[in-house]
Amino acid sequence: MENTGTRLNEAAIDFKEQFEVNGFAGPVKIFPGALAEKLSKQLSRQLSKSPSPVWSKGHAVSSRDYYDIATNPAILDRVSAILGEDVMLWGASMVSRQPGNVHPWHSDMETVGGIGRTVSVWLGLDNVNYNSSLQVIRHSHKFGVTVQEMRHKTGIDRLDVKPEIVLKWAKEINSRAGLLTCSMNNGDAIFFDGNLWHGTDNLNLTGTRKALLIQYATPDRLIQAPSYKHLDWPFQFRDDIRPPCLIVRGSDKFGVNDIVEPPSSSSNIKSWIVQLDLPLQDDKEKGWKPHHIHHGFSPAMETLTCHVSVLSPGRTPHPPHRHPEEEILIVLDGKATILIGDDVDQQSKTMHRGEFVYYPGGQTHTIRNDSNSNITYLMFKWHNKNVKQSGDLLQTSIVNQSNENGPSRNFESRSWTVRRLLQGKTEHLSKLHSHMSILKPGGGYEPHADNYDVALLVLSGTVETLGRKVGPNGVIFYFTGEPHGIKNIGDENAYYLVFEFHAGTHQKNLKRLIKKAVWIILGYTSRILPTPMRIKARKTLSSLRVKT
Numbered sequence: 224m225e226n227t228g229t230r231l232n233e234a235a236i237d238f239k240e241q242f243e244v245n246g247f248a249g250p251v252k253i254f255p256g257a258l259a260e261k262l263s264k265q266l267s268r269q270l271s272k273s274p275s276p277v278w279s280k281g282h283a284v285s286s287r288d289y290y291d292i293a294t295n296p297a298i299l300d301r302v303s304a305i306l307g308e309d310v311m312l313w314g315a316s317m318v319s320r321q322p323g324n325v326h327p328w329h330s331d332m333e334t335v336g337g338i339g340r341t342v343s344v345w346l347g348l349d350n351v352n353y354n355s356s357l358q359v360i361r362h363s364h365k366f367g368v369t370v371q372e373m374r375h376k377t378g379i380d381r382l383d384v385k386p387e388i389v390l391k392w393a394k395e396i397n398s399r400a401g402l403l404t405c406s407m408n409n410g411d412a413i414f415f416d417g418n419l420w421h422g423t424d425n426l427n428l429t430g431t432r433k434a435l436l437i438q439y440a441t442p443d444r445l446i447q448a449p450s451y452k453h454l455d456w457p458f459q460f461r462d463d464i465r466p467p468c469l470i471v472r473g474s475d476k477f478g479v480n481d482i483v484e485p486p487s488s489s490s491n492i493k494s495w496i497v498q499l500d501l502p503l504q505d506d507k508e509k510g511w512k513p514h515h516i517h518h519g520f521s522p523a524m525e526t527l528t529c530h531v532s533v534l535s536p537g538r539t540p541h542p543p544h545r546h547p548e549e550e551i552l553i554v555l556d557g558k559a560t561i562l563i564g565d566d567v568d569q570q571s572k573t574m575h576r577g578e579f580v581y582y583p584g585g586q587t588h589t590i591r592n593d594s595n596s597n598i599t600y601l602m603f604k605w606h607n608k609n610v611k612q613s614g615d616l617l618q619t620s621i622v623n624q625s626n627e628n629g630p631s632r633n634f635e636s637r638s639w640t641v642r643r644l645l646q647g648k649t650e651h652l653s654k655l656h657s658h659m660s661i662l663k664p665g666g667g668y669e670p671h672a673d674n675y676d677v678a679l680l681v682l683s684g685t686v687e688t689l690g691r692k693v694g695p696n697g698v699i700f701y702f703t704g705e706p707h708g709i710k711n712i713g714d715e716n717a718y719y720l721v722f723e724f725h726a727g728t729h730q731k732n733l734k735r736l737i738k739k740a741v742w743i744i745l746g747y748t749s750r751i752l753p754t755p756m757r758i759k760a761r762k763t764l765s766s767l768r769v770k771t
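Numbers 224 to 771, taken from our numbering, label the letters of the sequence shown in order.
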C-alpha cells in the first residue's frame, strides 16, 4: 500500500521550509476558479447581512461564510504546518481594487515585531491574474525593518513607492533579496509572513480584483488594532478596541487576546442565557481578566458585545479612554471606583453590587479597584454606525437601586413590581430604558414578543425563562421579535435588572420607505397585476408596519 501519510508530511515540511526561507510559500490552488468567483459574490452579499465587525478585519467572528473558508482544511492544514498545533485566527477581510488602483507597498502593522509567529493568506477570488496578483520581496521578512520605516527615513510618500524603489532598498539590506510577482488565478492562495514587504497593482483594464485576506498567529502573539488614519511610521494602535480572535486549532495557553466563540452556522438570531458562577477566574499577574459572553449583533444594534471582567485590587484595566460605542457597566461583586472625564475635571464615584453606569459614545472613563478584594463587573457595549440621533440625548448616568436618578413612574401589581431607573434617547438608540423588576414567588408573565431587544441580569432569586432555570448572576438576552416569558419558581422574591434597547430611527425609517415604495409600484401596476397578486402584495405590506 502506498504510504500517502509520509508524502503529505514531507510536503508539509517542504512548504514550511519554503515559507521560512523566502517569507512566503505558494501559490497553491485552493478552490476551482468558478467556485472562487461564486464565493466572492457570496461573501459580498454576506457583508450586508452580517453584523458590522468590531474592526475592519473581524469578519470571521461575525460571518460564518468567512469563518468556514478560513477553517477550510486546504488552508488550515498548511497554516498549521507553519505555526504548529495551536493556531489563532485573528483577521479576515475582503480586499478589492478597481482597475488601475494600487495597494501601496507595506508590511502589516498588526504583525510587525513582538513575540509569536504569524501567517497571512492572500486568496484570489475574482479577476485575479498576473496583472493583479500580489508582489513580494523575497527574504524581506527577516530584514528587521518595515517598508513604512524605510519611507520614513527617505521621506518618500507611500503612493510614490514603486517596485524598483522597494527592490533597491531590499538589495541594500540583503543582496539575495528579489522582487517577485506571484503568478496567480482565481482560487489560488499565497501564504506569507506578516513582516514580508508586499503590495499589489491592478493593471487589468476592466473588472474589480477581489481577494480574501485571512490572518493567523500563534496564541502567544498579542494582536492590536492599528489606527488606519495613521499609516506611516511610527505605528499607532488603538486602546479602545480589543480585536476578537478565534482558536481554530489546538488551544490558547497564554490568555493575551480576546478569544471568542465561532459565529453560529445558522443565520437566525437567537436569544441567549449565560449563568455566571462567581467568583470567576482572575489574573493576578495582569490584574484584569475578561470573560467573553457574546459578540455579534442584534436587530436593534449593528454591533453588540457583552463580557464580564474580574479586576484585582489596586489595578485598572486601562487608562481613561473613550470610544464611539455606548456602554453599560454593572457591578456584580465588590466595590468599584469609576473615573469619569479627563484629568482636569475627572470625577470618581464608588459603586456596589447591582449599581450601573451608562456611558455615551465619546465619554472618557475607566474603572479602578481601590479595595482589598477582587471586583467583578458586567458590560454591554453597542454601536450603530448609521444612526445619529440628535436632540436631548441621555448623558453619563450612575444608577442605583434606590431609583434616585431615574424617572418617577413605577408599576406594581399583586405579583410584580417595577421600579424605573433610567430612560432616554441616545445617539445610537431611539430609547434606552432600564428598570428593576421584583417578582413574587409564582409571579411572572406569559410569553410575548417585544419590538426591541431586552437584557436581564438576575440579582437574587430564581426564575425560569426560555425553558431554563436562571439564578443570581444569570444574564439573559431576548432579541427583538422572539417570544419570551418569565416566572419566579423560587420561594423568595426575585430581583432582576432590565435593559431595553430600542432601535434607532434608520431601521424604522427603512421599513416605512420600503412600504411607501411598494405602494407606489402597486399603484402603477394595479392595472396589469392579477387580483390575487395584489392581495398577496398587500398582505406582505402588513408585515412591514411599525408603530410610530
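The beta-carbon is built from N, C-alpha and C at its ideal position, and this holds for glycine as well.
Computed from a prediction, not measured in an experiment: that's the story for all the values here.
8 Å Cβ shell around residue i - same chain, five flanking residues per side excluded
i    : result
S303 : V310 and R472
Y747 : Interpretation of Y747 is limited by its pLDDT of 46, a score under 50 that renders its predicted location unreliable; no figure is taken from the coordinates.
M407 : P250, G347, V351, N352, Y353, S356, L357 and I413
D566 : P543
R750 : Residue placement at R750 is flagged as unreliable, the pLDDT there being 46, under the threshold of 50; a coordinate-derived value is accordingly withheld.
N628 : In this prediction, N628 has a pLDDT of 44, which is less than 50 and means its spatial position is unreliable; nothing more can be read from the coordinates.
L299 : A293, V310, V471 and R472
Q459 : P449, S450 and H453
Cross-strand partners of residue i (DSSP beta bridge)
i    : result
I253 : Answer by DSSP bridge pairing: none, since I253 is not bridged.
C405 : Per DSSP, none; premise fails for C405.
D349 : K433
A248 : F414
Y719 : S660 and V681
M317 : L435
G667 : K710
G690 : G690 pairs with nothing; no bridge assigned.
L312 : Y439 and L469
K654 : H725
T539 : Partner(s): none; T539 has no beta bridge.
Cβ shell of residue i (< 7 Å), same chain only, five flanking positions each side left out
i    : result
Q241 : A248
Q730 : Since pLDDT at Q730 reaches only 45, below the 50 mark, its modelled position is unreliable, and the value read off the structure follows with that caveat. Excluding residues within five positions, none has a Cβ falling inside 7 Å.
G564 : Q570 and T587
L426 : N354 and S355
H518 : V284, P467, V483 and T528
Check: residue i C-beta below 7 Å from any heavy atom of the ligand NAP
i    : result
P583 : This structure does not include the ligand NAP; it has no bound ligands of any sort.
Cut-off 6 Å between Cβ atoms - residues of its own chain near residue i, not counting five sequence neighbours on either side
i    : result
V479 : L445
G585 : R545
I598 : L534, G557, A559 and N592
S657 : L644, L645 and F722
A259 : L348, N409 and G410
R340 : L306 and T441
V497 : I516 and V698
Boundaries (first-last residue) of the beta strand (DSSP E) holding residue i
i    : result
D566 : Segment: none, D566 is in no beta strand (DSSP E) and carries neither H nor E.
V483 : No beta strand (DSSP E) contains V483, which DSSP labels as neither H nor E.
V277 : V277 -> no beta strand (DSSP E), and no H or E assigned at all.
Q358 : L357 to R361
R374 : Per DSSP, R374 belongs to no beta strand (DSSP E); it is in the alpha helix (DSSP H), V370 to T377.
P513 : W511 to G519
I699 : G697 to Y701
Among the options, nearest to residue i - alpha-carbon criterion
i    : options                   : result
W605 : R461, Q265, W511 and E525 : E525
R465 : P449, S683 and T334       : P449
P520 : H514, P513, C529 and K512 : Inspection of the sequence shows that residue 520 is occupied by Phe rather than by Pro. Closest by alpha carbon: C529.
L682 : D416, D463, H656 and N711 : N711
D505 : S636, R545 and Y600       : Y600
I621 : H375, T441, H575 and G697 : H575
G281 : K385, P522, T404 and I437 : I437
I516 : G665, K507, G708 and V483 : V483
V359 : H326, G336, W456 and D380 : H326
T539 : P502, T589, I551 and D500 : T589
W495 : E550, L680, R374 and D237 : L680
F477 : L616, V335 and K509       : K509
L390 : W345, V342 and H329       : H329
S363 : A400, A523, D380 and D331 : A400
A283 : L469, W456 and S474       : L469
P322 : Q612, T334, G430 and Y718 : G430
Q319 : H421, L402, L435 and G256 : A small correction: the amino acid at residue 319 is Ser; Gln does not occupy that position in the sequence shown. It is L435 whose Cα lies nearest to the Cα of S319.
G694 : F700, G246 and V686       : V686
Terminal residues of the alpha helix (DSSP H) in which residue i lies
i    : result
H326 : No alpha helix (DSSP H) contains H326, which is instead part of the beta strand (DSSP E) from V325 to H329.
T334 : Where T334 is concerned, there is no enclosing alpha helix (DSSP H), given that its DSSP letter is neither H nor E.
Y289 : R287 to A293
L454 : Segment: none, L454 is in no alpha helix (DSSP H) and carries neither H nor E.
V302 : P296 to L306
L390 : P386 to I396
List in chain order: all unbroken beta strand (DSSP E) runs of 3+ residues lying wholly within the segment 546-621. Taken in chain order, the complete beta strand (DSSP E) segments of 3 or more residues contained in the segment 546-621 are 549-556, 559-563, 570-574, 579-582, 588-591 and 598-606.
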